[in-house]
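Report on the following structure.
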Amino acid sequence: MEKRKRRMRKKRSRDRKKIVKKKVQTYKLRNIETQGRYKTELARRRRIQENQGIIEIRCQNFKWRILETAKESCGTAKIGNQEIKRTAWWTEEIKNVIKEKKKAGKKYITGRKPQDYETYKEKRTIVTTLVKESKQRAWIH
């Protein structure tokens with residue numbers, strides 16, 4: 001039997017798992033209503049778990065009560081590596097037109113027919129005009 005060598009691919013950044021953390025929106029405590037909810041909920045939780053024995057457990061529970069109450073009162077926001085459009089001009093329409101252009105280019109390369117080259121050129125001009133228009137709209141707004 002012949003052993004086949006496998007090419008090892010480098011992991012691309014898009015193949016990696018995205019790390020997203022949640023952050024408590026503490027700025028919402030400036031609101032008087034949110035402050036009131038936070039204080040009453042924290043006092044309620046403090047009464048429930050007040051008689052814990054070991055100091056480490058009490059400290060851990062105290063920290064947990066504060067964080068959970070803040071999460072409930074203020075809410076959380078996702079921070080970190082998220083799937084966010086990095087360019088304002090990139091749209092699904094442009095993405096699809098570029099895919100069509102690439103398909104036309106591959107078809108021309110495999111067949112080398114003049115009509116395939118003409119369709120590729122048409123797709124290429126459509127892509128460039130769409131990208132230009134989209135970039136202009138993005139810079140205006």
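Per UniProt numbering, the sequence shown runs over residues 1 to 141. Backbone N, C-alpha and C define an ideal beta-carbon position, used for all residues, glycine too. Treat the numbers as computed from the prediction; the structure is a model and nothing was measured.
Lys123 is classed as buried because its beta carbon has at least 16 other beta carbons within 10 Å across all chains shown.
For the pair Lys71 and Val24, the CB atoms are nearer than the 7 Å cut-off. It is roughly 13 Å from the alpha-carbon of Thr119 to the alpha-carbon of Val97.
Less than 7 Å divides the Cβ of Lys22 from the Cβ of Lys78.
Here the alpha carbon of Tyr27 sits roughly 38 Å from the alpha carbon of Ile94. Counting only runs that start and end inside the stretch 47 to 108, the alpha helix (DSSP H) elements of at least 4 residues fall at 55 to 74. In this structure, DSSP gives Lys113 a state outside helix and strand, which the three-state scheme calls coil.
Under the three-pair Cβ rule at 8 Å, the stretch 51 to 68 does not count as touching the stretch 107 to 116.
Lys21 has Ile79 as its beta-bridge partners, per DSSP.
The Cβ atoms of Thr34 and Ser73 lie closer than 7 Å to each other.
By the 16-neighbour rule on beta-carbons within 10 angstroms, Ala104 is buried.
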